[in-house]
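Chemist: Protein chains in written order, with full-length UniProt numbering: chain L, 1 to 93; chain B, 1 to 93.
Number of protein chains: 2
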Amino acid sequence: MLINVLEVPAGGLEEAIRSWEAARDLLARQPGHVSTRLHQAMAPGARFQFVNVALWESPEAFAEAMRRMQADLRTPPPAGPAFFPALYRVVRE
Amino acid sequence: MLINVLEVPAGGLEEAIRSWEAARDLLARQPGHVSTRLHQAMAPGARFQFVNVALWESPEAFAEAMRRMQADLRTPPPAGPAFFPALYRVVRE
Numbered sequence: 001m002l003i004n005v006l007e008v009p010a011g012g013l014e015e016a017i018r019s020w021e022a023a024r025d026l027l028a029r030q031p032g033h034v035s036t037r038l039h040q041a042m043a044p045g046a047r048f049q050f051v052n053v054a055l056w057e058s059p060e061a062f063a064e065a066m067r068r069m070q071a072d073l074r075t076p077p078p079a080g081p082a083f084f085p086a087l088y089r090v091v092r093e
Numbered sequence: 001m002l003i004n005v006l007e008v009p010a011g012g013l014e015e016a017i018r019s020w021e022a023a024r025d026l027l028a029r030q031p032g033h034v035s036t037r038l039h040q041a042m043a044p045g046a047r048f049q050f051v052n053v054a055l056w057e058s059p060e061a062f063a064e065a066m067r068r069m070q071a072d073l074r075t076p077p078p079a080g081p082a083f084f085p086a087l088y089r090v091v092r093e
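What follows is the structure in structure tokens.
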């Protein structure tokens, strides 16, 4: 499971969504992509306004897709939101 | 959906799991609790080593459970991990 925690500067919500949508449009076409959901905090004061949770068929499929995205982005990622994507597995329930 | 992002100091993984388990044991008994899963980053260098994702019947049920947990904790929460719990809803897929 890919969990991507976004730290968004004040006033940067719309830009963060646009950045996320641009990345989603590209990543969703990559082999091994299963699903993705962008979650927004219900409280405006939450430290992390957005958390994206995506499912991939394998860590390798995700790594390859990220490699392609970085190579494909003609323009550098916007300065606004800070992204912290990482692969996770369930360790306790 | 409750997403709780944990920032864990170096060497603090075991303590973070113990803290999480203590809170889970109490919260899981509260009315309205549905499920909870603790996710650990597969890469040791990930900024956020743990992300907990829990389902509650309503935001109110979660808020009441948190109120009880804070009142019930005889000892202050350990200094180790920093917890950033917040309620989220899906805004894009």
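Cβ coordinates follow ideal geometry from the N, Cα and C atoms, glycine included.
Note that the structure is a prediction, hence the values are computed from the model and not measured.
1) Less than 8 Å between the beta carbons of B/V91 and L/I3, yes or no?
2) Just to check, is the beta-carbon of B/Q30 closer than 7 Å to a non-hydrogen atom of the ligand COA?
3) When we look at the beta-carbon of B/Q70 and count the other beta-carbons within 10 Å, is it buried (16 or more) or exposed?
4) What residue does the alpha helix (DSSP H) around B/E64 start on, and which one ends it?
5) Would you list the one or two residues that DSSP bridges to B/V90?
6) Flag this pair as yes or no: are the beta carbons of B/F48 and L/V8 separated by less than 8 Å?
7) Have a look at B/R24, B/E60, B/L13, B/A23 and flag the residue whose alpha-carbon is nearest the alpha-carbon of B/P44.
Modeler: Here's the rundown:
1) For B/V91 and L/I3, no; Cβs fall outside 8 Å.
2) Questions concerning the ligand COA fall outside what the structure shown contains, since it holds no ligand whatsoever.
3) Within 10 angstroms of the beta-carbon of B/Q70 lie fewer than 16 other beta-carbons, which makes it exposed.
4) Annotation: the continuous alpha helix (DSSP H) that includes B/E64 extends over 59-72.
5) Answer is L/H39, bridged to B/V90.
6) Not a contact, by the Cβ cut-off of 8 Å.
7) Measuring from the Cα of B/P44, the nearest candidate turns out to be B/L13.
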